[in-house]
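J.:
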Amino acid sequence: GRVLTFRVSASWAETADYKRLIQRIDGMIEEVRALPGVDAAATALFLPGVPAQYESAFKLVEGRGDPEARMVAENRVVSAEYFATMQIPLVSGQPCTRRPLDGVSDIMVNRAFATRYLSGWSSAVGLHLSTQSMLPLGRIVGIVGDARERGLDSDLGPIVYTCFSAPTPTPYFLVRTHGEPAAIVQSVRLKVKELEPLRAVYDIAPLEERIDDSFSQNRLRMVLLVLFAITALSLACVGLYGTLSYVVSLRRREVGLRLALGARRTTIVRQFLLKGLRVAGCASACGLVLAGGFTHVLAGMLYGVSASDPVTLVGVTAIVLAVAAMASLLPALRASRFDPMHLLREE
């Protein structure tokens with residue numbers, strides 16, 4: 004929370020003088036960071052937490068064994084201030100710094116990358132990674148903690164961060180604030196207008212709002228699925244109650260005959276209850292098996308809850324069994340309270 008995102012208008016023609024472009028963006032980062040109410044500021048090619056995937060194949064320059072071995076990881080291009088702005092902790096090494104465009108760029112890798120690909124080295128810091136993309140050769144200067152860069156529902160996969168503030172003329176600016184991000188919107192606009200009168204701030208919004216919007220479709224699907232599930236469970240309970248109640252009521256004469264022959268009322272009620280629970284238990288077992296077969300369909304739409312969540316499955320099964328118990332128990336209790344002769348005279 005408390006991160007404002009925006010972009011500043013620019014033209015791709017500015018890439019003809021990339022050194023000037025970098026100076027402009029770095030200077031804007033410094034000016035925005037100096038605004039009252041701002042803790043940190045940075046730029047990034049992609050917004051953190053918003054689903055986006057840009058994977059690259061990296062090669063370790065100091066590689067051992069197979070020279071054609073590739074390390075596939077998500078490639079994030081961010082400014083040096085990104086980790087402080089997004090509060091991603093430094094695990095080992097040192098923070099990345101700004102370097103000339105034609106030099107070896109500083110890169111950071113996350114813990115997942117170091118564990119998966121560089122566990123055979125005493126230290127990942129100091130190793131060099133190359134890629135077939137336009138990015139220059141990079142030297143690992145530090146390892147940072149794992150962050151869900153592609154969204155809250157994504158796995159913590161390997162990530163390579165290239166420290167470069169101007170991957171495009173219009174990178175995303177990320178500004179961490181003391182209070183609500185909306186409170187500094189006007190200050191940001193005025194500062195950009197002061198620095199660059201011919202440019203405009205656009206696409207401005209809190210990061211939290213962007214993340215919410217990116218998951219709106221998944222949220223809508225889940226709401227609909229929940230409504231359908233509640234409706235299905237309600238219909239199942241109503242149908243189960245009605246069916247078992249009807250079946251028990253049809254055996255009222257049997258109840259009367261057994262009472263006339265001396266059977267205890269509690270024994271009759273218990274037998275009807277157990278029979279209803281036995282039927283519902285078999286049906287619930289079949290339902291659990293079918294639910295287990297379809298969990299892969301829902302797995303990609305859930306976060307923080309397993310598709311085979313035991314609490315949910317046990318809860319639904321308990322509801323069905325409770326309905327079955329009431330459907331068997333109530334008619335049996337009513338029938339057991341009647342006079343046996345009255346029950347036997349019923350048509």
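Start counting the sequence shown at 4; every next residue gets the next number (this note's numbering). All residues carry an ideal CB built from backbone N, CA and C; glycine is no exception. No experiment lies behind these values; they were computed from the predicted model shown.
Relative to the alpha-carbon of residue 83, which residue among 11, 248, 76 and 97 has its alpha-carbon at the smallest distance?
T.: Residue 83 has its Cα closest to that of 97, out of 11, 248, 76 and 97.
J.: In three-state terms, what does DSSP make of residue 213?
T.: Three-state result, residue 213: helix.
J.: Less than 7 Å between the C-beta atoms of residue 47 and residue 36, yes or no?
T.: No. Outside cutoff.
J.: State yes or no: is the C-beta of residue 280 within less than 7 Å of the C-beta of residue 327?
T.: Their beta carbons are under 7 Å apart, which means residue 280 touches residue 327 by this criterion.
J.: Taking the straight line between their C-alpha atoms, what separation do you get for residue 177 and residue 60?
T.: About 27 Å.
J.: Quick check on residue 265: does DSSP put it in helix, strand or coil?
T.: Residue 265: coil per DSSP, three-state reduction.
J.: Once you ignore the five residues that flank residue 182 on each side, which residues in its own chain have a CB closer than 8 Å to its CB?
T.: Same-chain partners within the cutoff: 5 and 40.
J.: Between the Cα of residue 117 and those of 74, 257 and 153, spot the shortest distance and give me the residue it belongs to.
T.: Nearest of 74, 257 and 153 to residue 117, Cα basis: 74.
J.: Three-state secondary structure (DSSP) at residue 242?
T.: Reduced to three states, the DSSP call for residue 242 is helix.
J.: Between 256, 233, 194 and 332, which has its C-alpha nearest residue 245's C-alpha?
T.: The candidate whose alpha carbon is nearest that of residue 245 is 332.
J.: CA-CA distance, residue 10 and residue 207?
T.: Between residue 10 and residue 207, the C-alpha separation is close to 7 Å.
J.: With a threshold of 16 other CB atoms inside 10 Å of the CB of residue 164, please say whether the residue is buried or exposed.
T.: Buried, since its Cβ has 16 or more Cβ neighbours within 10 Å.
J.: Rounded to whole angstroms, what's the CA-CA distance from residue 201 to residue 31? Just pull it up for me.
T.: Computed Cα separation, rounded: 14 Å.
J.: Taking the beta carbon of residue 99 as the centre, do at least 16 other beta carbons fall within 10 Å, making it buried, or is it exposed?
T.: So residue 99 counts as buried.
J.: What does the alpha-carbon distance come out to for the pair residue 193 and residue 203?
T.: Roughly 10 Å between the two C-alpha positions.
J.: Excluding sequence positions up to five away, which residues of its chain have a Cβ less than 7 Å from the Cβ of residue 319?
T.: Contacts found: 236.
J.: Let me know the secondary structure DSSP gives residue 61 once reduced to three states.
T.: The answer is strand: DSSP assigns residue 61 an E or B state.
J.: Please report the residue range of the alpha helix (DSSP H) in which residue 31 lies.
T.: Here the alpha helix (DSSP H) through residue 31 covers 21-36.
J.: Taking only three categories from DSSP, how would you classify residue 77?
T.: Three-state result, residue 77: strand.
J.: Would you kindly check if the distance between the Cβ of residue 172 and the Cβ of residue 209 is under 7 Å?
T.: Taking 7 Å as the Cβ cut-off, residue 209 and residue 172 do not qualify as a contacting pair.
J.: Since residue 141 and residue 110 should fall inside the 8 Å C-beta cutoff, what is the C-beta to C-beta distance between them, to a whole number of angstroms?
T.: With 8 Å as the limit, residue 141 and residue 110 qualify as a contact, their Cβ atoms being about 4 Å apart.
J.: Please say whether residue 248 and residue 330 have beta carbons closer to each other than 7 Å?
T.: It is a contact, given that the beta carbons lie within the stated cut-off.
J.: Mind checking residue 241: buried by the 16 CB within 10 Å criterion, or exposed?
T.: Per the 10 Å Cβ criterion, exposed.
J.: Residue 42 and residue 213 - do their beta-carbons sit closer together than 7 Å?
T.: Against a cut-off of 7 Å, the Cβ pair of residue 42 and residue 213 comes out as no contact.
J.: Say whether chain D places a C-beta atom closer than 7 Å to the C-beta of residue 25.
T.: Included in the structure is just one protein chain, with no chain D present.
J.: Output the residue ranges of the beta strand (DSSP E) runs that lie fully inside the segment 97-170 and measure 3 residues or longer, sorted by chain position.
T.: Counting whole runs of 3 or more residues, the segment 97-170 contains the beta strand (DSSP E) stretches 108-113, 131-134, 141-147 and 162-166.
J.: Would you say residue 168 and residue 29 are within 7 Å of each other, going by their C-beta atoms?
T.: A contact, by the Cβ cut-off of 7 Å.
J.: Drop a sphere of 10 angstroms on the beta-carbon of residue 52, count the other beta-carbons inside from all chains shown, and report buried for 16 or more, exposed for fewer.
T.: Result: buried.
J.: Rank 336, 286 and 158 by C-alpha distance to the C-alpha of residue 322 and give the top, closest one.
T.: Comparing Cα-Cα distances from residue 322 to each of 336, 286 and 158, the minimum goes to 286.
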